[in-house]
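Asker:
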Amino acid sequence: MLDLVCKVWYMNRRCLSIGFCGLIIAIFGFLPTVAQELYVFSDPASTKPARSIGIKHSFQKMGGNTNRNNQYTQMQFGLSKKVSLYLGTNYGGNDAYVQYRFFTKDAMYAHTRLAFYAKSIQTNRQAIHTSAVLLDGEESVNGVGFIATQLKHKWASSLSLGYVQKEKWSQHYGRDAFQYSFSNGLLVYPKRYSSYGQTNVNLYLELLGQKLLSGRGQYLDAAPAIQMIFNSQAKLNLGYRFALLEKTNRMTNNSLYISLDYLFFNALSMLKQRKKL
Amino acid sequence: MKKIILFAGFIMAIVCSANAKNITKTFHSTEVNIKSNIEKADKIKKVTLVASGLTCSMCSKAIFKSLSKLEFVDQVKADIEKSKYILSFKPTSKVDLAQIKKAVTDAGFGVQSLVYE
C-alpha cells in the first residue's frame with residue numbers, strides 16, 4: 003500500500019507539490035483559520051509538556067539518484083517545562099537533541115517563545131562524500147542553534163538558525179554549514195473545537211535551507227505537509243520535501259516523508275510513582 | 155537567498171514587537187490575582203481557569219491532563235475553544251492554587267485568569 007502511494011506520488015510529484023504549496027498559500031491568505039505549530043520537518047521553540055513521553059516513527063523515501071529508504075524512531079521526553087530531550091535511532095546510528103526554552107510570553111491565543119537547541123548525530127555507516135552536511139543520519143554531525151516561534155491565533159511562524167559541523171570531513175568537501183528554517187502552519191479542520199476526540203487536520207509549509215561555510219554551496223527546500231491529529235494525542239504526518247535552490251551535492255534533493263507520533267501525558271511522573279511503590 | 159532570510163527575520167521581528175506590550179500586561183495581572191487568592195484557598199470549592207498561549211486541542215489536552223493529575227482535583231471540565239477549565243475538588247482535600255498554576259505552566263502555557271467560588 004505504501005509502495006503504491008509512493009509510486010503515485012513520484013509519478014506526479016512536481017505537479018502535486020506545486021499545487022499543494024499553492025493551496026496552502028491560498029488557505030493562509032483567504033480562509034479564517036487557526037494557527038498550528040506542531041511542525042513536521044522542524045521543531046518550534048515550544049518544548050514538550052513536562053513529564054510527558056512521546057514516541058515517533060518515521061519513514062523517508064528518498065528520490066533522485068539514490069533509491070534509499072530511511073526509517074527512524076525517536077523517544078521524546080519533556081524533562082521539565084523548559085527542557086525537552088529527544089533520543090533517536092535510524093538503525094545505522096543514534097542521535098540526541100536537547101532544547102531549552104529560555105523566553106516565554108503568553109497571551110490569549112498568542113505566544114512568543116525563544117529556545118536554544120543542541121544536537122548530535124552519531125552513525126556507524128560508511129562515510130558519504132557530499133558537500134552538504136547531511137542531517138538524516140548518513141554521517142556524524144554536531145550542531146547548535148536558536149529557534150524563535152510566534153503564534154497569534156491565525157498565524158504561527160517559526161524561524162530557526164543554527165550551525166552544524168561534520169565530525170569527519172576532507173578538504174574537497176564541506177565541513178560545516180549554516181542551517182535555517184522558516185515554518186508556517188494552520189488548522190483547517192475542525193472549524194470549532196468541541197472535544198478532544200475530534201480529528202484535526204493541519205497544513206504546513208516549511209522552508210529548509212543550508213549554506214555551506216567551508217566551501218561554496220547552498221540549498222533551499224520547500225516542504226509542504228499535511229497532518230492529522232487523532233484524539234489530541236496521535237499525529238500522522240505526510241510531507242514532501244523538494245529543492246527550490248540547489249547549488250551543492252547531497253544524497254537527494256527530494257523525499258517523501260511519513261511519520262506517526264504518540265504523546266503520553268504525565269508518563270514520566272507515572273513511572274516515578276511506580277518505582278516508589 | 156540572503157533576501158529570503160532577511161525577509162523572514164524581518165517579518166518575525168515585526169510580529170514579535172507588535173504583541174510584546176499586550177502580552178506583558180496580561181501576564182502580570184494574572185500573577186497578582188493568584189497571590190491574593192492563595193490565603194483563602196481552604197474554602198475554595200470550584201475554580202474557573204482560563205489558560206493563555208494556546209490554540210490547539212493537543213495543547214489544551216496537555217493542560218487538561220496536567221490539572222487532572224493534581225491530588226486534590228476531583229473533576230476537570232474543559233472548553234477547548236475558549237481555553238477554559240472548570241475544576242471541582244475532592245471534599246476533604248485542601249486546594250492549592252499555586253499547584254494549579256504550576257500544572258498549567260508545566261504543560262507549557264500561562265494562566266490568563268483564575269476565579270474561585
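Protein chains in written order, with our numbering: chain Y, 3 to 279; chain V, 155 to 271.
Built from N, CA and C at the ideal position, the CB exists for glycine as well.
Note the first and the last residue of the continuous alpha helix (DSSP H) segment covering Ala257 (chain V).
Answerer: Locating residue 257 (chain V) in the second sequence gives position 103, where the first residue counts as 1. Per DSSP, Ala257 (chain V) belongs to the alpha helix (DSSP H) from 251-260.
Asker: In its own chain, which residues sit with a C-beta less than 6 Å from the C-beta of Ser267 (chain V), not counting the 5 before and 5 after it?
Answerer: As a working note, residue 267 (chain V) is residue 113 in the second sequence. Apart from the 5 residues on each side of it in sequence, Ser267 (chain V) sits with its Cβ closer than 6 Å to the Cβ of Val204 in its chain, given in chain order.
Asker: Can you give me the start and stop residues for the beta strand (DSSP E) that Leu153 (chain Y) sits inside?
Answerer: Numbered from 1 along the first sequence, position 151 holds the residue referred to as residue 153 (chain Y). It spans 143-154 - the beta strand (DSSP E) in which Leu153 (chain Y) sits, taken as one unbroken run.
Asker: Alpha carbon to alpha carbon, how far is Val166 (chain Y) from Ile260 (chain Y)?
Answerer: Within the first sequence, residue 166 (chain Y) is the residue found at index 164, counting from 1. Within the first sequence, residue 260 (chain Y) is the residue found at index 258, counting from 1. One C-alpha to the other measures close to 25 Å.
Asker: Tell me the residue span of the beta strand (DSSP E) that contains Ala216 (chain V).
Answerer: Here residue 216 (chain V) is taken as the residue at index 62 of the second sequence, counted from 1. Counting along the chain, Ala216 (chain V) falls outside any beta strand (DSSP E), though it belongs to the alpha helix (DSSP H) covering 211-222.
Asker: Reducing DSSP to helix, strand and coil, say where Leu270 (chain Y) ends up.
Answerer: Translated into the one-based positions of the first sequence, residue 270 (chain Y) becomes position 268. Here Leu270 (chain Y) sits in helix by DSSP.
Asker: The beta strand (DSSP E) with Met230 (chain Y) in it runs from where to where?
Answerer: Here residue 230 (chain Y) refers to the residue found at position 228 when the first sequence is read from its first residue. Looking at the DSSP string, the run of the beta strand (DSSP E) that includes Met230 (chain Y) is 220-232.
Asker: Using a threshold of 6 Å, is the CB atom of Ser237 (chain V) nearer than that to any non-hydrogen atom of the ligand HEM?
Answerer: With respect to small molecules bound, the structure shown includes none, and the ligand HEM cannot be examined in it.
Asker: Considering just the uninterrupted stretch of the beta strand (DSSP E) at Arg177 (chain Y), what are its terminal residues?
Answerer: Here residue 177 (chain Y) refers to the residue found at position 175 when the first sequence is read from its first residue. Element bounds for Arg177 (chain Y): n/a, residue is neither H nor E.
Asker: Residues of chain V with a CB under 9 Å from the CB of Ile231 (chain Y): which are they?
Answerer: The count along the first sequence starts at 1 and reaches residue 231 (chain Y) at position 229. Near Ile231 (chain Y) (Cβ distances below 9 Å), the residues of chain V are Cys210, Ser211, Met212.
Asker: Going along chain V in order, which residues have a C-beta closer than 7 Å to the C-beta of Ser48 (chain Y)?
Answerer: If you number the first sequence from 1, residue 48 (chain Y) lands on position 46. Those are Gly262, listed as they occur along chain V.
Asker: Under 7 Å, CB to CB, which of the residues in the segment 95-118 of chain Y have a partner in chain V?
Answerer: Lys107, Asp108, Ala109, Met110, Tyr111, Ala112, His113, Thr114
Asker: Which residues in chain V have a C-beta closer than 7 Å to the C-beta of Leu153 (chain Y)? List them in chain order.
Answerer: On the first sequence, residue 153 (chain Y) is found 151 positions in, with the first residue counted as 1. What Leu153 (chain Y) touches in chain V: Thr209.
Asker: Against chain V, which members of the segment 77-95 of chain Y pass a CB distance test of less than 7 Å?
Answerer: Lys83
Asker: Against Gln253 (chain V), what residues of chain Y qualify as contacts under a CB-to-CB distance less than 8 Å, listed in chain order?
Answerer: As a first step, residue 253 (chain V) must be located in the second sequence, where it is residue number 99. What Gln253 (chain V) touches in chain Y: nothing, since even the nearest Cβ is about 13 Å away.
Asker: Since Leu304 (chain Y) meets chain V, which of its residues come closer than 8 Å, beta carbon to beta carbon?
Answerer: Residue 304 (chain Y) is absent from the model: chain Y starts at 3 and stops at 279.
Asker: What ranges does the beta strand (DSSP E) occupy inside the segment 32-73 of chain Y, keeping only unbroken runs of at least 3 residues that lie completely in it?
Answerer: 55-64
Asker: Using 8 Å for Cβ pairs, my map puts Phe266 (chain Y) next to Ile123 (chain Y). What's the rounded Cβ distance?
Answerer: In the first sequence, residue 266 (chain Y) corresponds to position 264, counting from 1. In the first sequence, residue 123 (chain Y) corresponds to position 121, counting from 1. Going by Cβ atoms, the distance from Phe266 (chain Y) to Ile123 (chain Y) rounds to 25 Å, so no, they are not a contact pair.
Asker: Can you list, in chain order, the residues of its chain whose CB lies under 6 Å from that of Gln152 (chain Y), leaving out five sequence neighbours each side?
Answerer: For the purposes of this step, residue 152 (chain Y) is taken as the residue at position 150 of the first sequence. Once the five neighbours on either side are set aside, the close Cβ partners of Gln152 (chain Y) are Thr114, Ser159.
Asker: Show which residues of chain V have a CB atom less than 7 Å away from the CB atom of Pro226 (chain Y).
Answerer: Sequence index remark: in the first sequence, residue 226 (chain Y) carries index 224 (1-based). Those within 7 Å of Pro226 (chain Y) in chain V number zero; the least Cβ separation is about 17 Å.
Asker: Express the C-alpha separation of Leu221 (chain V) and Ser183 (chain Y) in angstroms, rounding to a whole number.
Answerer: Your numbering for residue 183 (chain Y) matches position 181 in the first sequence. Your numbering for residue 221 (chain V) matches position 67 in the second sequence. Each residue's alpha carbon lies about 34 Å from the other.
Asker: Apply the 10 Å Cβ neighbour rule to Glu225 (chain V) and answer buried if 16 or more other Cβ atoms are within range, or exposed otherwise.
Answerer: Taking the first residue of the second sequence as 1, we reach residue 225 (chain V) at position 71. With fewer than 16 Cβ atoms within 10 Å of its Cβ, Glu225 (chain V) is classed as exposed.
Asker: Can you confirm whether Ala216 (chain V), when its beta carbon is compared against all beta carbons of chain Y, has any partner nearer than 7 Å?
Answerer: Your numbering for residue 216 (chain V) matches position 62 in the second sequence. Yes, its Cβ sits closer than 7 Å to a Cβ of chain Y.
Asker: Can you grab the Cα-Cα spacing for the pair Asp223 (chain Y) / Arg252 (chain Y), in whole Å?
Answerer: Working through the first sequence from its first residue, we reach residue 223 (chain Y) at position 221. Working through the first sequence from its first residue, we reach residue 252 (chain Y) at position 250. Taking the straight line from one Cα to the other gives about 12 Å.
Asker: Could you confirm whether any beta carbon from chain Y is found closer than 7 Å to the beta carbon of Glu235 (chain V)?
Answerer: In the second sequence, residue 235 (chain V) corresponds to position 81, counting from 1. Judged by the 7 Å Cβ criterion, Glu235 (chain V) is in contact with chain Y.
Asker: What would DSSP say about Lys193 (chain Y), mapped onto helix, strand or coil?
Answerer: As a working mapping, residue 193 (chain Y) is identified with position 191 in the first sequence. Here Lys193 (chain Y) carries a coil assignment [DSSP, helix/strand/coil].
Asker: Given that a residue counts as buried once 16 or more other Cβ atoms are within 10 Å of its Cβ, and exposed if not, what is Met77 (chain Y)?
Answerer: Here residue 77 (chain Y) refers to the residue found at position 75 when the first sequence is read from its first residue. Classification of Met77 (chain Y): exposed, given that the 10 Å Cβ count is below 16.
Asker: Residues in its own chain within less than 6 Å of Asp228 (chain V) by CB, not counting five upstream and five downstream?
Answerer: As a first step, residue 228 (chain V) must be located in the second sequence, where it is residue number 74. Hits under 6 Å: Ser242, Phe243, Lys244.
Asker: With 7 Å as the limit, tell me which residues of the segment 153-181 of chain Y have their beta carbon closer than that to any beta carbon of chain V; keep them in chain order.
Answerer: Leu153, Lys154, His155, Ser159, Leu161
Asker: How about His155 (chain Y) and Tyr111 (chain Y): do their beta carbons lie closer than 7 Å?
Answerer: In the first sequence, the residue the question calls residue 155 (chain Y) occupies position 153. In the first sequence, the residue the question calls residue 111 (chain Y) occupies position 109. Taking 7 Å as the Cβ cut-off, His155 (chain Y) and Tyr111 (chain Y) qualify as a contacting pair.
Asker: Along chain Y, which residues have their Cβ under 9 Å away from the Cβ of Gln229 (chain V)?
Answerer: As a first step, residue 229 (chain V) is located in the second sequence; it is residue number 75 there, counting from the start. Neighbours of Gln229 (chain V) on chain Y: none; closest Cβ ~15 Å, over 9 Å.
Asker: So the candidates are Y:Phe118, Y:Ile57, Y:Leu81, Y:Met64; which of them puts its Cα closest to the Cα of Leu270 (chain Y)?
Answerer: If you number the first sequence from 1, residue 270 (chain Y) lands on position 268. Checking every option, the nearest Cα to that of Leu270 (chain Y) belongs to Y:Leu81.
Asker: Jot down the residue ranges of each uninterrupted beta strand (DSSP E) in the segment 93-129 of chain Y, minimum 3 residues, whole runs only, in chain order.
Answerer: 95-109, 112-125
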